[in-house]
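Asks: Take a look at this one; I'll ask things after.
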DNA sequence: ATTTTGAATGCAAATTTATACATTAATTAT
DNA sequence: ATAATTAATGTATAAATTTGCATTCAAAAT
């Protein structure tokens, strides 16, 4: 009957059911014997990062944030900005990021001011990194390791 | 001033700005000289799959549902999104599209998941396509032929 | 060119969600 | 244990979003 168990219940209800409004959710919560108001649910949903999206057939549905969406919710430049993949091709390094983060990640690379990196071009979720001439792939990867925490890089 | 360009504008505004309400968005749309009402934006946002989430610091923010993919799936014009030109340079392929469509076209390329293509970076009307090493120009062009209807490609 | 049809839009009302404020419950310090 | 402080919640209301309906606009058909 406390906040914590209510949050857990909400998470479960949203995960397992198609819920289209906070009033629907309220009814389901009350159906389990727990009791609160719509206002509390509004606050709980924010706390849980649960958002209202579309159910694919004209209606609405509350959704748990996936990792990807959660990342997108954070402001660019946050520590959570991560690299989701890297591929070398034609002497260039293609870096993948969560959607919308390419620019934020590229800025961090640019700001590091490493000689080995001639420059970057960022799209929405892809960065093209251009190394200087005669710099090895390994040297570039070492630069990146120095710029980002190891855990924020997921090599492909 | 038509629906399609408004949708493209909204997609772009949401991608590039932190927008917390439909009224905010309405002001930005009007700021570009385009004109509509909040009710229309509500319908457009559904069409584009754009949802309101959290900005990580107490506020709200509209978000593309799955980053770049949202544009590809939802922009009505994307099915017909065309390639207006292609140029090879330095082993890279520069692809031209109508203004504002680079992202939508690039998504389709990305999603095709062809091995031959290491990645793309999209600007507004230009895409830089990076082929993997040891892949011929012809092989890349064949990939594109498979992804797009022949008539949507205009070689330069 | 005119009519027909369906899509797109604005308006206003209805619905849904968020919040200010007051109150209660819980936690911490004394 | 009691007071002080902070967190959680309900109530009422405000803010924001969605939708029914009428109208306009655009494309297709005649």
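Residue numbers (this note's numbering), protein chains in the order written: chain A, 1 to 156; chain B, 1001 to 1156.
C-beta: ideal position from N, C-alpha, C; glycine also.
A quick note: this is a predicted structure, and the numbers were derived from the prediction, not measured.
Within 10 angstroms of the Cβ of residue 1137(B), are there 16 or more other Cβ atoms? Answer buried if so, exposed if not.
Replies: Label assigned to residue 1137(B): exposed.
Asks: Suppose contacts are defined by Cβ-Cβ distances below 8 Å. Is residue 25(A) in contact with residue 4(A) by that definition?
Replies: no
Asks: Between the Cα of residue 1092(B) and the Cα atoms of 1085(B), 1103(B), 1014(B) and 1130(B), which residue gives the shortest distance?
Replies: The option with the nearest alpha carbon to residue 1092(B) is 1130(B).
Asks: Note down the Cα distance separating residue 31(A) from residue 61(A), rounded to an integer number of angstroms.
Replies: Taking the straight line from one Cα to the other gives about 19 Å.
Asks: Could you give the residue range of the beta strand (DSSP E) that holds residue 1028(B)?
Replies: Annotation: residue 1028(B) is outside any beta strand (DSSP E); the continuous alpha helix (DSSP H) that includes it extends over 1022–1031.
Asks: In whole angstroms, what separates the C-alpha of residue 1049(B) from that of residue 144(A)?
Replies: 34 Å
Asks: What is the DSSP secondary structure of residue 1013(B), counted as helix, strand or coil?
Replies: helix
Asks: Measuring CA to CA, which of 65(A), 132(A), 125(A) and 139(A) is closest to residue 1016(B)?
Replies: 125(A)
Asks: Nearest chain B C-beta to residue 87(A) closer than 8 Å, yes or no?
Replies: yes
Asks: Taking 8 Å as the CB-CB cut-off, is residue 1120(B) touching chain A?
Replies: yes
Asks: Using a C-beta to C-beta distance shorter than 9 Å, which residues of chain B count as neighbours of residue 94(A)?
Replies: Close partners of residue 94(A) in chain B (Cβ separation under 9 Å): 1118, 1119, 1120, 1121 and 1130.
Asks: Assuming residue 1140(B) contacts residue 1117(B) (C-beta within less than 8 Å), just tell me the rounded distance between them.
Replies: So it is a contact: roughly 7 Å between Cβ atoms.
Asks: Would you kindly check if the distance between the Cβ of residue 18(A) and the Cβ of residue 64(A) is under 8 Å?
Replies: no
Asks: Indicate the three-state DSSP secondary structure (helix, strand or coil) for residue 96(A) in the structure shown.
Replies: strand
Asks: To the nearest angstrom, report how far apart residue 42(A) and residue 1052(B) are at their CA atoms.
Replies: 14 Å
Asks: Whole angstroms is fine: what's the gap from residue 1046(B)'s alpha carbon to residue 1059(B)'s?
Replies: 20 Å
Asks: Would residue 1106(B) pass as a contact of residue 1122(B) if the rule is Cβ separation under 8 Å?
Replies: yes
Asks: Let me see if you follow: with CB-CB separation under 8 Å, is residue 15(A) close to chain B or not?
Replies: no
Asks: If I follow the unbroken alpha helix (DSSP H) through residue 1052(B), where does it start and stop?
Replies: It is not in any alpha helix (DSSP H) - residue 1052(B) instead sits in the beta strand (DSSP E) that spans 1050–1054.
Asks: For residue 155(A), which residues from the same chain have a beta carbon less than 8 Å from its beta carbon, with the 5 sequence-adjacent residues on both sides left out?
Replies: In this prediction, residue 155(A) scores a pLDDT of 48, lower than 50, which makes its location untrustworthy; no coordinate-derived value is stated.
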